[in-house]
Structure formats: structure tokens, C-alpha cells
Amino acid sequence: MTREKSEVTVARGTGSEESLAVVAAAIVQRGRLLVVSKQAAPEIFYLPGGKPDAGEEPLEALTRELDEELGVHPLEPRLLAHVESVAALEGVPMRLTLFQARIEGLPRPAAELAGMKWISGHERDVRLAPAVTDHVLPLLRQSGSLAA
Ligand SMILES: Nc1nc2c([nH]c(=O)n2[C@H]2C[C@H](O)[C@@H](COP(=O)(O)OP(=O)(O)OP(=O)(O)O)O2)c(=O)[nH]1
């Protein structure tokens, strides 16, 4: 969404470094994880979500982003992890608040999205954000959520 840079929420990491706050949802159906790419970088796929607006709670931000990007509503969202990684687009340190959720409705990509895929994580031709490869997929595999 469009907003001034100054409104983007910046979280304090464990060190002195500031990191970009991002909230996202791991949505798994039939062993496959939903990933999207933005028009800004159509070849990089990651979880639906985004940066909270100023004063927005993580779950509030997630609900707004899922509606804006896919026209869906999260059901029974639960906090899965806080992940420290590098933001795929900005290339700066990022703190990802990761929820797992089911969704109500069929996801329909909005104009800001370039692509949407359901992946097992084994695809060789899909470029994923580092946070997804290094943290999200291992967490989901550990819990047996993804297809082998
Ligand atoms: N939503 C999301 N963003 C991620 C993930 N992994 C990852 O590196 N990022 C990065 C990509 C971007 O650098 C940043 C989030 O940007 P975004 O473009 O999704 O956020 P937004 O919808 O609020 O975008 P905007 O207002 O800046 O247009 O975090 C992920 O799994 N989900």
C-alpha cells in the first residue's frame, strides 16, 4: 500500500540495529504453502502480509494486508514465530512476525500482486525470500504441515 516512509513501523531488534517490522501469514492447504510476489519484484515469492501501519497491532496489520492483497480473512490465526532475516526487497534487517492461519474465501490476487502460487517448498524454479527458505519452510516441515 502507499504511505510515507516515516509511517513504516521500525522494531528494535535484539541488537542495537533497527529492523523493518513485517507481519505475514503461513497459509497451508493440502500440504502446500501460499506465496505471492509483488509487482515491484515479480520473481521473488514470499508470504502474504506486509509492513504494519503506524500504531497497528500485528494481527490487525495481517488482517488488512490479507484483505488488500487477496481479499481473504484469516481464521484462527496463531503466532508461529518471530523471525530475524533480511527483507527480500529492501535488503535491510527485518523482523517478521509470523502467523499460521486458515483463510475464509478463495484468494484472488489484487493488482499490486504479480503472482500467487501454492508450493510444497521443493520447487526448483520458484525464487523465495530468504526468510521463507531459511525459517518458514523448516518450521512448517518440522510440524508436518507440508507435503513431502
Ligand atoms: N509480506 C512479506 N514480506 C516479506 C517476507 N519475507 C521478506 O523478506 N519480506 C520482505 C519483502 C519486503 O522487503 C518487505 C515487505 O514488503 P511488502 O511489499 O510486502 O510490504 P507492504 O505490502 O507493506 O508494501 P509497501 O507498503 O511498501 O508497498 O518484507 C514475507 O514472507 N512476507
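Taking my numbering, I'd label the letters of the sequence shown as residues 2 to 149. Ideal Cβ placement from N, Cα and C applies to all residues, glycine included. On a predicted model such as this, the values are computed, not experimentally measured, just so you know.
TODO: From the DSSP output, in three-state form, read off P59 for me.
DONE: Start at 1 with the first residue of the sequence shown, and residue 59 comes out as number 58. DSSP places P59 in the helix class (H, G or I) of the three-state scheme.
Task: L48: CB within 6 Å of a non-hydrogen atom of ligand 1 - done: To locate residue 48, count along the sequence shown from 1; it is residue 47. A distance criterion of 6 Å places the beta-carbon of L48 in contact range of ligand 1, judged by its closest non-hydrogen atom.
Task: L99, DSSP secondary structure in three states - done: Translated into positions along the sequence shown, residue 99 becomes position 98. Three-state DSSP puts L99 in a strand.
Task: Terminal residues of the alpha helix (DSSP H) in which R142 lies - done: Here residue 142 refers to the residue found at position 141 when the sequence shown is read from its first residue. Element bounds for R142: L138 to Q143.
Open item on the list: Tell me the DSSP secondary structure of G16 in three-state form.
Closed with: Taking the sequence shown and counting its residues from 1, one reaches residue 16 at position 15. Its pLDDT being 48, under 50, G16 is placed unreliably in this model, and the coordinates cannot settle the point.
Open item on the list: Quick check: does the Cβ of A88 come within less than 6 Å of any heavy atom belonging to ligand 1?
Closed with: The residue labelled residue 88 in the question sits at position 87 within the sequence shown. Correct: A88 has its Cβ closer than 6 Å to ligand 1.
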